[in-house]
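The structure appears right after this line, and notes come after that.
In UniProt numbering, the protein residues as written are 1 to 914.
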């Protein structure tokens, strides 16, 4: 089975083997039988058992008969030699390979099939033959129930599609299509001119000009992520292969380059096998950093020490090393099944005796770690056959190619760092903690207990104390938080940038936070939090912000937007002297003043057309007020020699976005909520020392979310503030005997506070002491990019869909507000069911139409024109002149449904009273 140009083909394996070798049937038969006679799998059973002896004979006879049947199949097609097999393939696949030259013989087409479609990872025909034979032996081992089936959904069987490899495939495909177009042009011109045609350099130049270029196709691929190819490039999808990198904050930008997607093809599948996180993904794929929803389990992120190999490893000396360690040629393999096949990048390199295999693997591993004669990224996987155990197909597999998953671990015997592959790791013993080394046969040790987490998941404080979904939510919200993605704001020209004006360093942070130096690009602020149900405005994940803290800059942010205005070659930027209103906003060069305040409709730039003598004013079209932050002149690349380059101006606008009611905040424990109100400081509760909280958090948010890490952070942040230090929030540092709560509680006691992190507080309204002790501490909060100013939407009248007559969707288009099933159910439960008629009918697609009372149809009523003094009248084409026509109100979507059903011969009838 193989594919070509998105088509799957089946071919007899005997024909394929015959087309790749000149060997006789006896030699092919003995090659396929190798590894079955004297099999250790069967020798492991009790030889005195008649059942197992009989089973052995049945399995062997079945295997022998299948091989003989396959070999006879080739002779039944009159295929006896290699040339005849190639001709047989060429004859059968000629119609499917029409892009090949017509003068190709059947043998040449057969060679194309073998070279381009069969075992394309190896070059020579002999290697292809050995590879196919090994595949047949593996298939029958599975049929005989000796090995287990391998799944393509496991990480150890997967490689990554790298950007450079994809660019090369797209470029090669475009070049091939360009050459085909060039060939077609040359052939067409030669057929037109006939014998007078001369193929000169000028003629070739004209044909090349007619073919165009493929640079636009590459630009379109990078812009849209879609490819148009007859072959499909061997991919399971041809859309969504590129994305736009978002620079919301530093972690969001970095996560783009650590993300790995299984493919949009699997999003539509009903099975969940592709989404499952299997044990072999340990250390390669982060179990936490994946979004919830449709892409869950498909869009993953690499673990901290995992990387993708980008270039082949050095293996020039590998054949010599293998020969010195006991590698034998395939023709000199030992008798029976006393050996293992050695595979190098999918090619059968030879065989090694079983007693020498372990020593060969250990020596190769030491040479790999040293990096002197072999590449350090080499993957060495030894799958040993075990008696009576159904496992993977045995053999020694060595991989040096690119696009493999590799990660760092510590090799215990040499105390040096080694790169392990995903298939290699499954056959090794890797300890997580040093204490596990003494109690096991571990040969490797993790560099860190948190090595299995991604870069972003390693920033979560104490994730081992949270409910697992909360850690997933934090990985997503951490990428949506406002921060400082860059320090060169005056040089940036991105479409939209978010900036937090008052960031701070967390007092409770992991070691990885300092390792990536995230203080330079902080993504949050420290806030004093009181966990108390206060005023009722903090219900349903809402929180109250201290108004004085807000006025001092708590959570203040800014959005930078860049607007580009192109000036054609005959135009220049200049102000219209006859329009005096422009002087308030624009300078003499037609560009706005830096710091100018712009509202919707205000002029933002002015250009002068020297050809027509007319001025054109470019106006600010956003509804939100903005400030001009920066104005820069830049050019555009010249796309053609005939068209001169145009000048362009980049105007960076600054939009102040201070916290307001409805803006979203979240802690690093996945506790997300919105600002419900900014409460005056004098009305908030205060402690004995006079501290008032910056944020009031409702305690009902803890039990259902089980975010114990946030409670620990409140205690740790409080102790860090009073002791003037920073606490380590790396997970797995504490245990049930030595708990984090006990550690930080004792530090609070040393500072004179309660062991449990609570304090006595006084009401800001009455001044009386509250009866209960209030949990009070310091927590690091993130301000998310979800803001009311970007999402609020209101509409009375506006554009409607031309077909359905319902309001269009989209806030920017002035669309309607979404009203779904949940809104409908809530209104019904509220007892305001009649409001549904206003929302779903009067404010949506209310319309009037005519209906026949007799037949109940709204489609058969027609307007008869005036004739011989008779005025226009309505009449049903079914009931005739006696029809009774009434005007009724119906949703236009119902009228549209009636017309659609009528197209398939289904009629709707409405019952109207006379």
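All residues carry an ideal CB built from backbone N, CA and C; glycine is no exception.
Start and end residues, alpha helix (DSSP H) containing residue 893:
Here residue 893 is taken as the residue at index 893 of the chain shown, counted from 1. Start and end: 892–902.
Simplified DSSP assignment, three categories, for residue 3
Numbered from its first residue, the chain shown carries residue 3 at position 3. When secondary structure is reduced to three states using DSSP, residue 3 falls in the strand class.
Could you tell me whether the stretch 535–552 touches the stretch 691–700, where touching means 3 or more Cβ pairs closer than 8 Å?
With a cut-off of 8 Å, the stretch 691–700 and the stretch 535–552 count as touching, because enough Cβ pairs lie within range.
Tell me the DSSP bridge mates of residue 728?
In the chain shown, counting from the first residue as 1, residue 728 sits at position 728. Residue 728 pairs with 509.
Kindly give me the distance between the Cβ atoms of residue 567 and residue 647, rounded to whole angstroms, as I take these residues to be in contact under 8 Å.
Here residue 567 refers to the residue found at position 567 when the chain shown is read from its first residue. Here residue 647 refers to the residue found at position 647 when the chain shown is read from its first residue. 5 Å between Cβ atoms; contact.
Ends of the beta strand (DSSP E) at residue 363?
As a working note, residue 363 is residue 363 in the chain shown. No beta strand (DSSP E) contains residue 363, which is instead part of the alpha helix (DSSP H) from 354–370.
Starting from the Cα of residue 12, find the closest Cα among 86, 703, 441 and give me that residue.
Counting from one through the chain shown, the residue named residue 12 turns up at place 12. Closest option to residue 12, Cα to Cα, is 86.
Own chain, CB closer than 7 Å to residue 196, minus 5 neighbours either side, in chain order
Position 196 of the chain shown holds residue 196. Its chain contains no residue whose beta carbon lies nearer than 7 Å to that of residue 196 once the 5 sequence neighbours on both sides are disregarded.
Helix, strand or coil, according to DSSP, for residue 438 in the structure here?
To locate residue 438, count along the chain shown from 1; it is residue 438. In the displayed model, residue 438 falls within a helix according to three-state DSSP.
Check for me: the alpha helix (DSSP H) holding residue 423 runs from which residue to which?
Along the chain shown, one-based indexing puts residue 423 at 423. Residues 422–426.
Out of 248, 181, 186, 875, state which residue places its alpha-carbon closest to the alpha-carbon of residue 785.
Here residue 785 refers to the residue found at position 785 when the chain shown is read from its first residue. Taking each of 248, 181, 186, 875 in turn and checking the Cα distance to residue 785, the smallest one comes out for 248.
Whole alpha helix (DSSP H) runs in the stretch 535–567 with 4 or more residues, listed along the chain?
For secondary structure counted as the alpha helix (DSSP H) over 4 or more consecutive residues, the stretch 535–567 holds these complete runs in sequence order: 547–551.
According to DSSP, which residues form a beta bridge with residue 679?
The count along the chain shown starts at 1 and reaches residue 679 at position 679. Looking at the DSSP output, residue 679 shares a beta bridge with 546.
Less than 8 Å between the CB atoms is what I'm expecting for residue 230 and residue 5, so what's the real figure, rounded?
Position 230 of the chain shown holds residue 230. Position 5 of the chain shown holds residue 5. Contact between residue 230 and residue 5 holds, with the beta-carbon distance rounding to 5 Å and staying under 8 Å.
Residue 616 by DSSP, collapsed to three states: which one?
Within the chain shown, the letter at position 616 stands for residue 616. The three-state secondary structure of residue 616, taken from DSSP, is strand.
For residue 216, is the classification buried or exposed, using 16 other Cβ atoms within 10 angstroms of its Cβ as the cut-off for buried?
Here residue 216 refers to the residue found at position 216 of the chain shown. By the neighbour-count criterion, in which a residue is buried when 16 or more other Cβ atoms sit within 10 angstroms of its Cβ, residue 216 is exposed.
In the structure shown, what three-state DSSP assignment does residue 384 receive?
What you label residue 384 is simply residue 384 of the chain shown in a count that begins at 1. Secondary structure of residue 384 (DSSP, three-state): coil.
Excluding five sequence neighbours on each side, which residues of the same chain lie with their C-beta closer than 6 Å to the C-beta of residue 915?
This structure cannot settle anything about residue 915, because the visible part of the chain is limited to 1 through 914.
Within its chain, find whatever has a CB closer than 7 Å to the CB of residue 141; leave out the 5 residues flanking it on each side and keep chain order.
Here the question's residue 141 lines up with position 141 in the chain shown. Same-chain partners within the cutoff: 147, 393.
Using a 10 Å radius around the Cβ and a threshold of 16 neighbouring Cβ atoms, would you call residue 480 buried or exposed?
Translated into positions along the chain shown, residue 480 becomes position 480. Of the other Cβ atoms in all chains shown, 16 or more fall within 10 Å of the Cβ of residue 480; this residue is therefore buried.
Looking at C-beta atoms only, is the number of pairs between the stretch 741–758 and the stretch 649–659 that lie closer than 8 Å three or more?
With a cut-off of 8 Å, the stretch 649–659 and the stretch 741–758 do not count as touching, because too few Cβ pairs lie within range.
For residue 384, which option in 355, 487, 611 has the closest C-alpha, if you only look at C-alpha atoms?
In the chain shown, the residue the question calls residue 384 occupies position 384. Nearest of 355, 487, 611 to residue 384, Cα basis: 355.
Pull up the CB-CB distance for residue 450 and residue 731, whole angstroms please, since I reckon it's below 8 Å.
As a position in the chain shown, residue 450 is number 450, starting the count at 1. As a position in the chain shown, residue 731 is number 731, starting the count at 1. Going by Cβ atoms, the distance from residue 450 to residue 731 rounds to 6 Å, so yes, they are a contact pair.
Tell me the DSSP secondary structure of residue 595 in three-state form.
For the purposes of this step, residue 595 is taken as residue 595 along the chain shown, with counting starting at 1. In this structure, DSSP gives residue 595 a state outside helix and strand, which the three-state scheme calls coil.
Quick check on residue 909: does DSSP put it in helix, strand or coil?
The count along the chain shown starts at 1 and reaches residue 909 at position 909. DSSP places residue 909 in coil when its eight states are reduced to three.
Could you say which of 852, 3, 751, 765 lies nearest to residue 232 if we only look at CA atoms?
Walking along the chain shown from the start, residue 232 turns up at place 232. Taking only the C-alpha atoms, the option nearest residue 232 is 3.
Cutoff 7 Å; reference residue 763; Cβ partners in own chain excluding five residues on either side:
To locate residue 763, count along the chain shown from 1; it is residue 763. If we look at residue 763 and ignore the five residues flanking it on each side, its Cβ neighbours are 685, 770.
What does the alpha-carbon distance come out to for the pair residue 389 and residue 330?
On the chain shown, position 389 is the one that residue 389 refers to. On the chain shown, position 330 is the one that residue 330 refers to. In this model, residue 389 and residue 330 are separated by some 27 Å (Cα to Cα).
Coil, strand or helix - residue 407 by DSSP
The sequence position of residue 407 within the chain shown is 407, counting from 1. Looking at residue 407 - three-state DSSP - the assignment turns out to be strand.
For residue 525, count the other beta carbons within 10 Å of its own beta carbon; 16 or more makes it buried, fewer makes it exposed. Which is it?
To locate residue 525, count along the chain shown from 1; it is residue 525. Counting Cβ neighbours within 10 Å, residue 525 comes out buried, since at least 16 surround it.
So is residue 462 buried or exposed if we call it buried at 16+ other beta carbons inside 10 Å?
Mapped onto the chain shown, residue 462 falls at position 462. Result: buried.
For residue 254, collect the residues of the same chain with a Cβ closer than 7 Å to its Cβ; drop the 5 residues on either side in sequence, then sort them by chain order.
Stepping through the chain shown from its first residue, residue 254 is reached at position 254. 455.
Where the beta strand (DSSP E) through residue 850 begins and ends:
By 1-based counting over the chain shown, the position of residue 850 is 850. Residues 846–852.
Residue burial classification, residue 19 (beta-carbon count within 10 angstroms, cutoff 16)
The residue labelled residue 19 in the question sits at position 19 within the chain shown. Here residue 19 is buried, its C-beta having at least 16 other C-beta atoms within 10 Å.
Nearest-angstrom Cα distance between residue 781 and residue 497?
Mapped onto the chain shown, residue 781 falls at position 781. Mapped onto the chain shown, residue 497 falls at position 497. Straight-line Cα distance between these residues: approximately 20 Å.
Pull up the distance between the alpha-carbon of residue 203 and that of residue 623, whole angstroms please.
Sequence index remark: in the chain shown, residue 203 carries index 203 (1-based). Sequence index remark: in the chain shown, residue 623 carries index 623 (1-based). Taking C-alpha positions only, residue 203 is separated from residue 623 by approximately 58 Å.
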